[in-house]
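Residue numbers (my numbering), protein chains in the order written: chain A, 2 to 223; chain B, 2 to 223. Working notes, beginning with the structure itself.
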DNA sequence: TGAACAATGGCGCAAACGTGGTATTTAACC
DNA sequence: GGTTAAATACCACGTTTGCGCCATTGTTCA
């Protein structure tokens, strides 16, 4: 039973969809894919909308090569839609855009890789194999940008000298509880919470609960 | 002038530091690096602390290969320190840990790449070349994890049907202003702000300013 | 033309908040 | 043994908030 399944997988051709508005480039790529053993490109489209019309009548693709600069719906917006139709499919972005916004949005939307059109065609085939093997193929420059994005997430985590108890209270504050509710939850009096809150405000240099909550999120304390 | 600079770069050996507590592995790697044309490993250490003692007396390294599971200071904490001493150096993590927390922390701290110790030694040499070329070498599995992290950043941006004016007021609320202050800033009455706030609470299903602010950050609205 | 919605303005009141104090107990650190 | 910091608790006062209920104006769209 398990053996059969494996055999089936091995024998089955990997199905790849192409969404790319440049006809020449699309045809070249499609040809290249079809000429690669194990890969097949049964469908290719010049826009997302065109592709969506075929989702019911066609076999599910294993990989979708998706451009960003498309007529009509952008590739970025297309990612989410394709994910709805084919949750198991790997979506590889293939575009000329390498700006931070496009990269960030595409990856947040669930792209499994990000290639640039200046890549050699063989590199694209390699990337398809890589994503099928559980990887995340990226152009070298893109990978660098991606790592750089991480450094912006944790600026420095300023230490305001909050005690453990204060952090605990801050968390309940963020949850939207009133002082009385916080006191009840921690089995301490309303007055104690009041005092802690005063100290917290002092340490964070704010004077409202709203200001404190904002500061926690903006400088991701806690 | 420019030509000289290029020539200088080409002629200069790329200097690599090794921080790795397993002596056998460290020596193997150092040997491999020294045997690679253009690369040289003048220093290798078994802990971050040991390396920090040499920062004044040695030439700046171009690349630092850094383990995470070290005696004393962890490699994660070491990244920031090395970055202080050598802002231009590329730090490559080389470890057995592939859990999300370590990967995330390392990248936030400014690592330029993340390799696993099960990689073939030649792959490590390749990675050094890649990072010098402006890339971000990553193990295939790690790259996949990294992209997956992005999908968690933007859950879906639920639309609560906030109007533009409401968003504007929400922003000032987040800034920590009181209703009166918001009214003054927008040249509208306190009562109007009151009404808007009521509507916002209704749409966001909260009933305190703190709850609203938290919701905005948690589901990154606005 | 009429419905729906956004933005504006208003009143009253109980509840919650921010801030100024003071004070005790306990644990930690020279 | 004295100092310091953290956690606990209380009070009083003025400010701010949340929420009920209502009304007007302008725009958009069927």
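Cβ coordinates follow ideal geometry from the N, Cα and C atoms, glycine included.
By the Cβ neighbour-count rule, residue 28(B) is exposed, with fewer than 16 other Cβ atoms within 10 Å of its own. For residue 24(A), there is no enclosing beta strand (DSSP E); the enclosing alpha helix (DSSP H) has its first and last residue at 24-35. The DSSP assignment places complete alpha helix (DSSP H) segments of no fewer than 4 residues inside the stretch 159-189 of chain B at 165-175, 180-187, in order along the chain. The DSSP-derived three-state label of residue 154(A) is coil. Looking at the backbone, the Cα of residue 133(A) and that of residue 174(B) are separated by about 47 Å.
In the structure shown, residue 69(A) adopts coil according to DSSP, grouped into three states.
Residue 19(B) and residue 70(B) have their alpha carbons spaced roughly 14 Å apart. Taking the CA atoms as reference points, residue 223(B) sits about 9 Å from residue 163(B). Following the DSSP letters along the chain, one finds residue 215(A) inside the alpha helix (DSSP H) bounded by residues 210-219.
When 7 Å is used as the limit between beta carbons, residue 165(A) is near no residue of chain B, the shortest such separation being about 21 Å. Around the CB of residue 36(B), fewer than 16 other CB atoms lie within 10 Å, so the residue is classed as exposed. Using beta-carbon distances, residue 145(B) counts as an interface residue toward chain A, with a partner under 7 Å. Bounds of the alpha helix (DSSP H) holding residue 128(B) are 122-133. Closest in C-alpha terms to residue 84(A), from the list 183(A), 107(A), 73(A), 99(A), comes 107(A). Restricting attention to 195(A), 182(A), 168(A), 93(A), the CA atom closest to the CA of residue 214(A) is found in 168(A). Bounds of any beta strand (DSSP E) do not take in residue 98(B), whose DSSP letter is neither H nor E.
CA-CA distance, residue 92(B) to residue 136(A), rounds to 22 Å. Under the DSSP assignment, residue 114(B) falls in the beta strand (DSSP E) whose first and last residues are 114-117. About 6 Å separates the beta carbon of residue 146(B) from that of residue 101(B), a gap short enough to meet the 8 Å contact definition. Distances from the CA of residue 43(A) to each of 211(A), 68(A), 14(A), 194(A) were compared; the closest alpha carbon is that of 14(A). Residue 41(A) has a beta carbon lying at 7 Å or more from every beta carbon in chain B. At the C-beta level, residue 205(B) and residue 219(B) stay beyond 7 Å of one another. Rounded to the nearest angstrom, the Cβ distance from residue 45(A) to residue 72(A) is 15 Å, too far for a contact under 8 Å. A direct Cα-to-Cα measurement between residue 143(B) and residue 99(B) gives close to 7 Å. Here DSSP, grouped into helix, strand and coil, assigns residue 91(A) to strand. In the three-state reduction of the DSSP assignment, residue 74(B) falls in the coil class. Rounded to whole angstroms, the gap between the alpha carbons of residue 53(B) and residue 221(A) is 29 Å. Burial is judged here by how many other beta carbons sit within 10 angstroms of a residue's own beta carbon; residue 211(A) has at least 16 and is buried. For the 7 Å CB-CB criterion, residue 177(A) and residue 209(B) form a contact. With a 10 Å radius around the Cβ and a threshold of 16 neighbouring Cβ atoms, residue 203(A) comes out exposed.
Just measuring C-alpha positions, the residue of 55(A), 201(A), 127(A) sitting nearest residue 161(A) is 201(A). Within chain A, the residues placing a beta-carbon under 7 Å from that of residue 155(B) are 109, ordered along the chain. DSSP, reduced to helix, strand and coil, places residue 223(A) outside both helices and strands of the structure shown, so it counts as coil. For residue 210(B), the nearest beta carbon of chain A is closer than 7 Å to its own beta carbon. When Cβ-Cβ separations below 7 Å define contact, residue 148(A) makes contact with chain B. By the Cβ neighbour-count rule, residue 122(A) is exposed, with fewer than 16 other Cβ atoms within 10 Å of its own.
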